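Novice:
In my numbering, the protein residues as written are 615 to 1089.
(1) For the stretch 845–853 and the stretch 704–712, state whether three or more C-beta atom pairs, one from each stretch, are separated by less than 8 Å.
(2) List the endpoints of the continuous alpha helix (DSSP H) containing residue 896.
(3) What three-state label does DSSP hand residue 1014 in the structure shown?
(4) Alpha carbon to alpha carbon, what distance is there between residue 971 and residue 655?
(5) What are the boundary residues of the alpha helix (DSSP H) that includes residue 1058?
(6) Is the stretch 688–707 close to the stretch 758–766, with three or more CB pairs under 8 Å?
(7) Can you give me the start and stop residues for the alpha helix (DSSP H) that residue 803 sits inside?
(8) Based on the DSSP secondary-structure assignment, which residues constitute the bridge partners of residue 636?
(9) What residue range does the beta strand (DSSP E) around residue 959 cover?
(10) Can you pull the DSSP bridge partners for residue 706?
(11) With 16 other CB atoms within 10 Å as the buried threshold, where does residue 616 fall?
(12) With a threshold of 8 Å, are at least 3 pairs of Cβ atoms found where one atom belongs to the stretch 650–664 and the other to the stretch 875–882?
(13) Could you check if residue 1024 is buried or exposed, using at least 16 other CB atoms within 10 Å of its CB as the buried criterion?
(14) Mind checking residue 618: buried by the 16 CB within 10 Å criterion, or exposed?
(15) What are the boundary residues of the alpha helix (DSSP H) that includes residue 1025?
(16) Nearest to residue 762 by CA position, among 984, 788, 673, is which residue?
(17) So what's residue 629 in DSSP terms, helix, strand or just coil?
(18) Looking only at C-alpha atoms, which of 636, 843, 861 sits nearest to residue 884?
(19) Buried or exposed: where does residue 962 fall if 16 or more other Cβ atoms within 10 Å of its Cβ makes it buried?
(20) Thinking residue 738 and residue 696 are a contact (beta carbons under 8 Å), I'd like their distance in whole angstroms, please.
(21) Measure from the alpha carbon of residue 771 to the alpha carbon of each residue in 976, 937, 824, 735, then state which is nearest.
(22) With the cut-off set at 8 Å, would you say residue 915 and residue 832 are in Cβ contact?
(23) What residues in its chain sit with their C-beta under 8 Å from that of residue 974, if we drop five residues either side in the sequence?
(24) According to DSSP, is residue 880 helix, strand or coil?
(25) Please report the distance separating the alpha-carbon of residue 674 from that of residue 826.
(26) So for residue 824, helix, strand or coil by DSSP?
(27) Who pairs with residue 930 in a beta bridge, going by DSSP?
(28) Unbroken beta strand (DSSP E) runs of length 3 or more, entirely within the stretch 665–727: which are they?
(29) Look at the Cβ atom of residue 806, then the Cβ atom of residue 812, and state whether they are nearer than 8 Å.
(30) So does the stretch 887–896 actually touch the stretch 950–969, counting three or more Cβ pairs closer than 8 Å?
(31) I think residue 1021 touches residue 902, with their Cβ atoms under 8 Å apart; what is that distance to the nearest whole Å?
(32) Give the secondary structure of residue 990 by DSSP, where H, G and I count as helix, E and B as strand, and everything else as coil.
(33) Using the C-alpha atoms, what's the distance from residue 1000 back to residue 665?
(34) Per DSSP, what kind of secondary structure is residue 620 in: helix, strand or coil?
(35) At least one CB of chain B closer than 8 Å to the CB of residue 998: is that the case?
(36) Does the structure place the stretch 916–927 close enough to the stretch 1043–1059 that three or more beta carbon pairs sit under 8 Å?
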């Protein structure tokens, strides 16, 4: 079926099933229809706030599905050259600059992509370096050849210590090995005017893509931050953006019953107000495993705030937890089913997996095994997903399911935009700044002081004058 057709796109529509959030199905801990009705005005106000501020301030991300036509063509041309010239493509970044690209890679590429023969891959071997563990850097250099590698350095400010430390190491290696040609191996993704990386890009002549104004790291996957790595991998970035636009259209009404992102926000806020301070994201697909990582940053960094927009103390937020179905049925689900009533579980389910694997008949004399024969792994994982959701509901535990008809560029674009809108609505309902991260900045400043960065002498003095640690508290 033509992916441009309305019929195909509608067949790929994500759905949200929240039956198991309701009192009718889970008992006294569940929500009543009246509870949702009582939140109707609050939800409509959150919707209006997001709509009114689209494209303004730090909500530039809302326009990404629509205003990147020329940028996308440049990305596609650059990606084609990267595939032609390089054997390896490495992203240097941290936070949203890394979590988004690797989540999309894991979702849409072969799960053993780098181990495939070149003829079976659509792009170079792909790595994302999102930490400054020295062993990690050493191990990367053991498996790549820098002179055959394109490095994509991603940081809006050019002051991200982790990314710039990686840059200093890699640029030194490239300069020593390639001299004047070193710059051909670096692509920068950064701010168009401010910061250190744009200065370095102009100085060295790096190919550069720009992170639009109003797009923070955790909302940046659908701009060059994520689109360039995806395009290098041969993925259809236009279809990803089309999926995001499609979900945006679905979410164009201020109705909990019609707007899935608003429904998810209301469900989560209602759950938090009932003491559900842990939000479990549990995909039933290995391809979506790292989407949970990406979501965790989006949700935690956006909602974990201690003051409202009016300056009132609030200490809101929900701790996101990653799980994987079926794997974590054999570890975490015991806690979810019988532990504290402090969790809401979001399942990511897949309607049709990209492959079907039959389970052959065998072990006919062992009933516990023989019953599997004649079924498929597809049936087994779907049954376990449904059974886990039901078991949680039977135990009175809140859970709901987001279903992707299948995992592809279009549905992934939908899912990411749904989560971004959900986060924006929830932040508006809490009346907080969804887009800042002062708690992160505090740690950065302490790091700068400890490493002797100029301008942080007062912070260094504060650290030096902190109470001395006592030996008796070390065992």
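Every residue gets a Cβ at the ideal spot worked out from N, C-alpha and C, and that includes glycine.
Only a predicted model underlies this, so the values are computations on that prediction, with no experimental measurement involved.
Specialist: Quick answer:
(1) no
(2) No alpha helix (DSSP H) holds residue 896; the beta strand (DSSP E) holding it covers 892–897.
(3) strand
(4) Those two C-alpha atoms are separated by around 48 Å.
(5) 1052–1064
(6) Judged by Cβ distances under 8 Å, the stretch 688–707 makes contact with the stretch 758–766, as three or more pairs qualify.
(7) Residue 803: not part of any alpha helix (DSSP H); member of the beta strand (DSSP E) spanning 800–804, first to last residue.
(8) 645
(9) 957–964
(10) 743, 767
(11) exposed
(12) yes
(13) buried
(14) Counting Cβ neighbours within 10 Å, residue 618 comes out exposed, since fewer than 16 surround it.
(15) DSSP places residue 1025 inside the alpha helix (DSSP H), whose first and last residues are 1023–1044.
(16) 788
(17) strand
(18) 636
(19) buried
(20) 7 Å
(21) Checking every option, the nearest Cα to that of residue 771 belongs to 824.
(22) yes
(23) So the qualifying residues of the chain are 987.
(24) helix
(25) 7 Å
(26) strand
(27) 919, per the DSSP bridge assignment.
(28) 702–706
(29) yes
(30) yes
(31) 7 Å
(32) Shown here, residue 990 sits in a strand according to DSSP, grouped into three states.
(33) 35 Å
(34) It is helical.
(35) This model lacks chain B altogether; it includes just one protein chain.
(36) yes
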